[in-house]
Amino acid sequence: MYPIFRDLLFRLNAETAHHLSLSSLRIAEKAGLLRLLFPEQECVSPIEVMGLKFPNRIGLAAGLDKEGNTIDALGRLGFGFIEIGTITPRPQAGNPKPRLFRLVPEESIINRMGFNNPGVEQGVRNVRATKHYSGIVGFNIGKNKDTPNEQADEDYLACLRAAYPVADYVTVNLSSPNTPGLRDLQNAESTAKLLETLKKEQELLTKEHGKHVPIAFKVAPDLADDHVDALAAVFLAGGLEGLIATNTTLSRQGVEHHPLHQQAGGLSGPPVCALSTYVISRFASHLHGKIPIIGVGGISSVEDAQEKLQAGASLLQIYTSIIYQGPALVKNLLNKIV
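In the working numbering, the protein residues as written are 2 to 339.
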């Protein structure tokens, strides 16, 4: 059934299809259709990570539900956790369109969305309106495009404070290639300062709200080995509680012959799989299980998922493969990964 739906969607431009898919899911959820199509299942191999009990290892990566208004519907597909965003302090429109491109033969996507989102206050309201989803909800936070890097910590603090009451965990996005200068914050010195600032605020918020919300950082796949090594040391010293590896890549290896390969933006899908798995293994060799890793990047099969777990990931996230394979992939992964 999904291949037919996909063929219809793929006749539309990618961003229109994206919004139509989400709105259709929300309508189907409100009408009760998703309960019939995807009956609620018992927890499949629950696992505790970052002090949180995840119903299963398979999550939805940030970027699909940027606004946090489709959590109930997406939760019906079987995800143990859903990460919304990236959310910024103030609403922003993102980059000019077109900014989302399908590379169908490679089952990949290039995006340069640019953190289009309704702002953290609306994101929080949307999450509060969630009625049925009982899994883990993560808030992926970023800085506004017009905020100088020197003031980026203020944006991350604003988002952390606003999201803290409703988030199960918060992910600090330093690795999107689509906000100018953002990846500069991944240098070890800047990362250490930001982590220290956020950890101090986390301590205050824990006392204020009576709950502890773990903080994770999301890194790029385009990191040299010595950069990974330096960041691992920063994360261990700073008390980071989770690492999401990885974001999209600037590389075009594997899609060089596609006519859209020169489009600017981050590449996701199978071509990034081996790269992200390598980064996971490199970090894991330094972290020694002290900081759990959420593996993401190009997972489109059970074999891909197993490789990331073997490389050192505790949890997994998918996104692009859902676009190409549909919700059956979630069930397949849940039933077959060890």
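Note that the Cβ used here is the ideal one computed from N, Cα and C, for glycine as well.
Exercise for review: Out of R103, L316, N333, point me to the one whose CA is closest to N57's CA.
Suggested key: If you number the sequence shown from 1, residue 57 lands on position 56. Ranking the options by Cα distance to N57, first place goes to L316.
Check your understanding: Which same chain residues, not among the five before or five after I281, have their C-beta less than 7 Å away from its C-beta?
Key -> Within the sequence shown, the letter at position 280 stands for residue 281. Only A246, I294, G296, K309, A312, G313, A314 meet the Cβ criterion.
Check your understanding: Just reading off the beta strand (DSSP E) that Y170 is part of, what are its end residues?
Key -> One-based indexing of the sequence shown puts residue 170 at position 169. Element bounds for Y170: 170-174.
Review point. What did DSSP end up calling G124 once you bin it into helix, strand or coil?
Key: Residue numbering aside, residue 124 sits at position 123 when the sequence shown is read from its first letter. Here G124 sits in helix by DSSP.
Review point. From this set, T89, Y325, A15, L237, which residue's C-alpha is nearest Y3's C-alpha?
Key: In the sequence shown, residue 3 corresponds to position 2, counting from 1. Distances from the alpha-carbon of Y3 to those of T89, Y325, A15, L237 put Y325 closest.
**Study point:** L335 to E151 span [Cα, whole Å]
**Key:** Taking the first residue of the sequence shown as 1, we reach residue 335 at position 334. Taking the first residue of the sequence shown as 1, we reach residue 151 at position 150. For the pair L335 and E151, the Cα-to-Cα distance works out to about 43 Å.
Point to revise | Limits of the beta strand (DSSP E) - the one that T321 falls within | key: As a first step, residue 321 must be located in the sequence shown, where it is residue number 320. Counting along the chain, T321 sits inside no beta strand (DSSP E); it lies in the alpha helix (DSSP H) bounded by residues 321-326.
Practice item. Tell me, please, whether the CB atom of E49 is closer than 8 Å to any CB atom in chain C? Key: The chain labelled as chain C is not found in the depicted structure, where only one protein chain is given.
Check your understanding: Applying the criterion that 16 or more other CB atoms from any shown protein chain within 10 Å of the CB defines a buried residue, is N14 buried or exposed?
Key -> Taking the first residue of the sequence shown as position 1, residue 14 is located at position 13. Exposed is the call here.
Review point. Hey, M51 and G243 are a contact pair by Cβ (cut 8 Å); roughly how many whole angstroms apart?
Key: Here the question's residue 51 lines up with position 50 in the sequence shown. Here the question's residue 243 lines up with position 242 in the sequence shown. Right, the Cβ-Cβ distance comes to about 5 Å (below 8 Å), so this counts as a contact.
Review point. Is it the case that the Cβ atoms of Y134 and I72 are separated by a distance below 8 Å?
Key: The residue given as residue 134 occupies position 133 in the sequence shown. The residue given as residue 72 occupies position 71 in the sequence shown. Yes; because the gap between Cβ atoms is below 8 Å, this pair is in contact.
Review point. Can you give, in chain order, each stretch of the beta strand (DSSP E) that sits fully within the stretch 47-80 and has at least 3 residues?
Key: The DSSP assignment places 48-50, 53-55, 59-61 as complete runs of the beta strand (DSSP E) inside the stretch 47-80, in order along the chain (cut-off: 3 residues).
Review point. Taking the continuous beta strand (DSSP E) assigned at G86, which residues delimit it?
Key: Indexing the sequence shown from 1 puts residue 86 at position 85. 82-88 is the extent of the beta strand (DSSP E) around G86.
**Study point:** Residues that G33 bridges to, as DSSP identifies them
**Key:** Taking the sequence shown and counting its residues from 1, the one referred to as residue 33 is at position 32. Among the bridge pairs identified by DSSP, G33 is matched with none.
**Study point:** Endpoints, beta strand (DSSP E) assigned at F102
**Key:** Here residue 102 refers to the residue found at position 101 when the sequence shown is read from its first residue. For F102, the enclosing beta strand (DSSP E) covers residues 101-104.
Exercise for review: Go through its chain and collect everything with a Cβ distance to G182's Cβ below 6 Å, but skip five positions before and after it.
Suggested key: Position 181 of the sequence shown, counting from 1, holds the residue named residue 182. Counting only Cβ-Cβ distances below 6 Å, and skipping sequence neighbours, we find N150.
**Study point:** Reference N127; option with closest CA among N70, I88, E107
**Key:** Here residue 127 corresponds to residue number 126 of the sequence shown, with the count starting at 1. Checking every option, the nearest Cα to that of N127 belongs to N70.
Check your understanding: Is the CB-CB distance between G76 and G139 below 8 Å?
Key -> The sequence position of residue 76 within the sequence shown is 75, counting from 1. The sequence position of residue 139 within the sequence shown is 138, counting from 1. It is not a contact, given that the beta carbons lie outside the stated cut-off.
**Study point:** Residue range of the alpha helix (DSSP H) that includes L196
**Key:** Mapped onto the sequence shown, residue 196 falls at position 195. L196 -> alpha helix (DSSP H) spans 189-210.
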